[in-house]
Amino acid sequence: MHMERTAAAALVPLGQHKLPPLPYPYNALEPVISRTALRIHHDKHHQSYVDGLNEAEIQLARSRAENNYSLIKHWERELAFNGSGHILHSIFWTVMAPPRNTRVGPETLRHIIAYFGSMSAFQRQFSEAAIQVEASGWAILVWQPAWSRLEILTAEKHQDLTQWGGIPVLVLDVWEHAYYLDYQNRRSDYVHAWWQLTNWPEVERRLRLAMRAQMPISLEQAIASWPYC
Ligand code: MN
Numbered sequence: 000m001h002m003e004r005t006a007a008a009a010l011v012p013l014g015q016h017k018l019p020p021l022p023y024p025y026n027a028l029e030p031v032i033s034r035t036a037l038r039i040h041h042d043k044h045h046q047s048y049v050d051g052l053n054e055a056e057i058q059l060a061r062s063r064a065e066n067n068y069s070l071i072k073h074w075e076r077e078l079a080f081n082g083s084g085h086i087l088h089s090i091f092w093t094v095m096a097p098p099r100n101t102r103v104g105p106e107t108l109r110h111i112i113a114y115f116g117s118m119s120a121f122q123r124q125f126s127e128a129a130i131q132v133e134a135s136g137w138a139i140l141v142w143q144p145a146w147s148r149l150e151i152l153t154a155e156k157h158q159d160l161t162q163w164g165g166i167p168v169l170v171l172d173v174w175e176h177a178y179y180l181d182y183q184n185r186r187s188d189y190v191h192a193w194w195q196l197t198n199w200p201e202v203e204r205r206l207r208l209a210m211r212a213q214m215p216i217s218l219e220q221a222i223a224s225w226p227y228c
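Read in numbering that gives the first Met the number 0, the sequence shown has 192 at position 193, and its numbers run on one by one without any break.
So, in structure tokens, the structure goes:
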């Protein structure tokens, strides 16, 4: 019997994030992403973000215990960089699958057409955003609960440039470590080949979950639950 996965994410205790296993073998994304590139990317790079996030959380707990915030600027930066790196990579592995033509889900298609005009217009903008990220970063399709629609954002590193509250549903890593072994400096070849891997059913699942989120930002919404009058 088909069971929809609706359980809330498990609570992760402070400093105990773990590297999630890849949902497929290392060679599953060939020839778009080689076994060697995927193994190093997952086992080494993603692991380092998990380790860095745990360290930042532990150091901030120590700061609280000792009431010593002399290094808080550093550890808050580490928290943002490594936490965002861990989250984006965890999503990245699942929105890819062995090359095959999966169909775009109905809710995904509806919202893409409603905002971007067409599937091809969306893919052109997403690809160009990815290709033109300065240095290391990501292209990210988010559901923005504040406005009930999709948007394409980019991130420099993992955490710079965003709209608060946007929930990523499709992400593309364009750090050199994601493509240099297979494509050298040809980032655009990697980006265009990458669309063969898109796991659209997973994007649809993520979008449907994201659409349940609420971020009230209007004055009317705030006043509706105002406790002071
Ligand atoms: Mn990466």
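We put the CB at the ideal spot given by N, CA and C, even for glycine. All values derive from a computational prediction rather than experimental measurement.
- [ ] Within 10 angstroms of the Cβ of Gln158, are there 16 or more other Cβ atoms? Answer buried if so, exposed if not.
- [x] Taking the first residue of the sequence shown as 1, we reach residue 158 at position 159. Classification for Gln158: buried.
Open item on the list: Ala60 and Leu13 - do their beta-carbons sit closer together than 8 Å?
Closed with: Along the sequence shown, one-based indexing puts residue 13 at 14. Along the sequence shown, one-based indexing puts residue 60 at 61. Closer than 8 Å, so yes.
- [ ] Tell me, please, which residues DSSP counts as bridged to Thr153.
- [x] For the purposes of this step, residue 153 is identified with residue 154 of the sequence shown, where counting begins at 1. Per DSSP, Ala138.
- [ ] Following the continuous alpha helix (DSSP H) through Val49, name the residue where it begins and the one where it ends.
- [x] Locating residue 49 in the sequence shown gives position 50, where the first residue counts as 1. Residues 46–65.
Open item on the list: Quick check: does the Cβ of Ala177 come within less than 7 Å of any heavy atom belonging to the ligand MN?
Closed with: As a position in the sequence shown, residue 177 is number 178, starting the count at 1. Within the cutoff, so yes.
Task: Nearest candidate by alpha-carbon position, reference Thr107, set Ala27, Ser126, Leu140 - done: Taking the sequence shown and counting its residues from 1, one reaches residue 107 at position 108. Taking only the C-alpha atoms, the option nearest Thr107 is Leu140.
Task: Proximity of Leu206 and Val168 at Cβ, strictly below 8 Å - done: The count along the sequence shown starts at 1 and reaches residue 206 at position 207. The count along the sequence shown starts at 1 and reaches residue 168 at position 169. Against a cut-off of 8 Å, the Cβ pair of Val168 and Leu206 comes out as a contact.
Task: Span separating the alpha-carbon of Ala138 from that of Ala212 - done: Start at 1 with the first residue of the sequence shown, and residue 138 comes out as number 139. Start at 1 with the first residue of the sequence shown, and residue 212 comes out as number 213. Distance between the alpha carbons of Ala138 and Ala212 is about 22 Å.
Open item on the list: Along the chain, where does the alpha helix (DSSP H) containing Ile90 start, and where does it finish?
Closed with: If you number the sequence shown from 1, residue 90 lands on position 91. Segment 71–93, the alpha helix (DSSP H) holding Ile90.
Open item on the list: Measuring only from the beta carbon, is Asp172 closer than 7 Å to any heavy atom that is part of the ligand MN?
Closed with: Locating residue 172 in the sequence shown gives position 173, where the first residue counts as 1. Under cutoff, so the answer is yes.
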